[in-house]
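So that you can map any letter, position 381 of the sequence shown is 408 in my numbering, and since no number is skipped, the others follow by simple counting. All C-beta atoms in this analysis are idealised placements derived from N, C-alpha and C, irrespective of residue type, glycine included.
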Amino acid sequence: MTVTEAPALRQGDAGFRRVSVGLLFAGFTTFALLYATQPLLPRLVEVFAISPGTASLSVSVTTGGLALAIVPASALSERWGRRPVMLWSLTAAVLLGLAATVAPSFWLLLVLRALEGVALAGLPAVGMAYLADEIDGGHLGAVMGLYIAGNSIGGFGGRIVVSALGDLTGSWRLALGGITALSGVCLVVFWLVLPPSRRFTPGPVAPSTLVASARAHLGDPVLRRLFATALLLTGTFVCAYNFVAFRLLGPPFSLSELLVGFVFVLYAVGTVTSSVAGRVSGRFGARTTVLAACGVAALGAVAMLAPVLALVVGGLALLTVGFFAGHAVASAWVGRRAEHARALASGMYLFSFYVGSSVGGTLGGVVFGAGGWSATVGFLVVLLAAAAVVVAPMERVAAASARSARSARSGERRAPSVE
28 MTVTEAPALR
38 QGDAGFRRVS
48 VGLLFAGFTT
58 FALLYATQPL
68 LPRLVEVFAI
78 SPGTASLSVS
88 VTTGGLALAI
98 VPASALSERW
108 GRRPVMLWSL
118 TAAVLLGLAA
128 TVAPSFWLLL
138 VLRALEGVAL
148 AGLPAVGMAY
158 LADEIDGGHL
168 GAVMGLYIAG
178 NSIGGFGGRI
188 VVSALGDLTG
198 SWRLALGGIT
208 ALSGVCLVVF
218 WLVLPPSRRF
228 TPGPVAPSTL
238 VASARAHLGD
248 PVLRRLFATA
258 LLLTGTFVCA
268 YNFVAFRLLG
278 PPFSLSELLV
288 GFVFVLYAVG
298 TVTSSVAGRV
308 SGRFGARTTV
318 LAACGVAALG
328 AVAMLAPVLA
338 LVVGGLALLT
348 VGFFAGHAVA
358 SAWVGRRAEH
368 ARALASGMYL
378 FSFYVGSSVG
388 GTLGGVVFGA
398 GGWSATVGFL
408 VVLLAAAAVV
418 VAPMERVAAA
428 SARSARSARS
438 GERRAPSVE
């Protein structure tokens, strides 16, 4: 891989707007497809006569496939180029999404959804690297904000579209087909407007280099804790959104699918929360901010036990705020902590993030099936408490790691030479 001398794009340059618009539509498509079946879980339970936990696998296998493929997809982009990997990833995901709408059985639906997750890995693995390559550092924040906004809009907008279509048509197939067709339109826009890389030339990457860098990251106790934090926070978030629909569709609320779908608008607070959390972290420290985020999310989880609609929705909002604040600070912490191979470190963080989505959603289904909503809320609180336990000693762990590194360097200097 080489970076050319072509000037980085700045606001007002030809191509700057095309990059911004292209990644906005790509971000929408990725998250709209990734969580497309989440609002449909109650309908899948009814149609296929399965348990809520089994239905939740339609989300878990997709995020799991993405987790497994995210680091290989990043490596492929180094070899084959950023834009081709993103384009073919989204194309494959849309085609697999269309195939899923006609799956004759739930188990074939799971296979197609897992493959769709593998295909989708090309965007989160490569999108930010493409932007970092092409956009001037002073203007990167604005474009990155649009990309993240696309993720957020796809997250809640896709869920609303699916819920509305499911409620209006009574068919999970038409609902899933509708959001996939909309994603196909976004794919065409992405293909037409995103310019090829100007500052990046693909080249071979030695697997031994990737393995050595991954080992170094896993050997860092701070990074290990940040990866664990991603897993626990995301498990909490996805579990809550997977099963809150069952809570709201059943008594005492008995809301319609369309109204329940609008609950996913709360996802939009993530865009605002992430930026605010960054400023708070700069003032009070990353560790304190993540611990506070866990506390806010736990308070929201407990509030969702109340048989009052406003408290359930408000509690979900607090949990969402806590999740996005913790995730934003932890992911930025990874970038600061990694002294080399930062792209790989971010990929490993995202791997943990999506593993958490799969594991948390699946285990949450088991808990919900065994103990209902109260047990599920208890499970959420346990995950958040575990995240707080992981983060609490972070300053002490970082200091011990620094002392160990200094001792190792000192020992190397004092070691006698061997003739």
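Just to confirm, are residue i and residue j a CB contact at a threshold of 8 Å?
i: Ser87; j: Leu136; result: no
i: Val290; j: Leu275; result: yes
i: Val323; j: Leu345; result: yes
i: Glu161; j: Arg106; result: no
i: Gly341; j: Ala330; result: yes
i: Gly387; j: Pro66; result: no
i: Ser358; j: Tyr376; result: yes
i: Arg45; j: Thr89; result: no
i: Gly91; j: Ser385; result: yes
i: Ala156; j: Ser104; result: yes
i: Gly297; j: Ser428; result: no
i: Gly144; j: Leu209; result: no
Whole angstroms is fine: what's the gap from residue i's alpha carbon to residue j's?
i: Phe270; j: Gly392; result: 8 Å
i: Ser240; j: Gly398; result: 43 Å
i: Arg110; j: Pro229; result: 11 Å
i: Phe183; j: Ala202; result: 15 Å
i: Leu285; j: Ala267; result: 18 Å
i: Val394; j: Met421; result: 30 Å
i: Leu318; j: Leu326; result: 13 Å
i: Arg364; j: Arg70; result: 44 Å
i: Ser47; j: Arg252; result: 33 Å
i: Pro100; j: Gly149; result: The sequence shown places Ala at residue 100, rather than the Pro named in the question. Rounded to whole angstroms, Ala100 to Gly149 spans 5 Å at the Cα level.
i: Leu142; j: Arg37; result: 37 Å
i: Thr57; j: Arg430; result: 42 Å
i: Ser401; j: Val335; result: 14 Å
i: Phe264; j: Leu221; result: 32 Å
i: Leu219; j: Gly211; result: 12 Å
i: Ala295; j: Leu95; result: 27 Å
i: Ala33; j: Val215; result: 27 Å
i: Thr128; j: Ala59; result: 15 Å
i: Val74; j: Phe227; result: 48 Å
i: Ala337; j: Thr118; result: 40 Å
i: Val303; j: Ala414; result: 21 Å
i: Phe280; j: Ser190; result: 17 Å
i: Ala76; j: Pro131; result: 14 Å
i: Ala426; j: Val238; result: 26 Å
i: Met113; j: Leu122; result: 14 Å
i: Thr476; j: Val356; result: Since the first residue of the chain shown is 28 and the last is 446, residue 476 is not available in this structure.
i: Thr389; j: Ala146; result: 21 Å
i: Gly177; j: Trp199; result: 24 Å
i: Glu366; j: Leu245; result: 13 Å
i: Ser116; j: Ala333; result: 43 Å
i: Leu195; j: Tyr174; result: 31 Å
i: Arg423; j: Ala233; result: 35 Å
i: Ala120; j: Thr236; result: 29 Å
If I follow the unbroken alpha helix (DSSP H) through residue i, where does it start and stop?
i: Thr228; result: From DSSP, Thr228 is part of no alpha helix (DSSP H); its letter is neither H nor E.
i: Pro248; result: Pro248 to Leu276
i: Pro111; result: Arg109 to Ala127
i: Glu366; result: It is not in any alpha helix (DSSP H) - Glu366 carries neither H nor E in the DSSP assignment.
i: Ala320; result: Ala313 to Ala330
i: Gly235; result: The question names Gly, yet the displayed sequence has Ser at residue 235. That run of the alpha helix (DSSP H) goes Pro234 to Leu245.
i: Ala41; result: Neither: Ala41 is in no alpha helix (DSSP H) and is coded neither H nor E.
i: Ala82; result: Pro79 to Ala82
i: Val72; result: Leu68 to Phe75
What would DSSP say about residue i, mapped onto helix, strand or coil?
i: Ile162; result: strand
i: Leu209; result: helix
i: Leu36; result: strand
i: Tyr62; result: coil
i: Ser281; result: coil
i: Gly197; result: coil
i: Ser104; result: helix
i: Val46; result: helix
i: Val287; result: helix
i: Ala130; result: coil
i: Pro99; result: helix
i: Ile180; result: helix
i: Ala427; result: helix
i: Glu446; result: Residue confidence is low: Glu446 scores 32 on pLDDT, short of 50, so the model does not pin down where it sits. Its coordinate-derived value is still stated next. Coil at Glu446, not helix or strand.
i: Ala355; result: helix
i: Val11; result: The question about residue 11 has no answer, for the chain in this structure spans 28 to 446.
Below 8 Å on the Cβ atoms is my contact criterion, and I expect residue i with residue j to pass it. Report the Cβ-Cβ distance as a whole number of Å.
i: Leu125; j: Gly39; result: Wrong, their Cβ atoms sit about 39 Å apart, outside the cutoff.
i: Gly353; j: Leu282; result: With a Cβ gap of about 29 Å, Gly353 and Leu282 do not count as contacting.
i: Thr256; j: Val418; result: 6 Å
i: Gly349; j: Leu258; result: Not a contact, Cβ separation roughly 16 Å.
i: Gly374; j: Ala152; result: 6 Å
i: Gly154; j: Ala53; result: 6 Å
i: Ser301; j: Phe351; result: 5 Å
i: Ala82; j: Leu68; result: 5 Å
Is residue i near the ligand SAH, going by C-beta to nearest heavy atom under 7 Å?
i: Asp163; result: As presented, the structure is devoid of all ligands, the ligand SAH included, so that no description of it is given.
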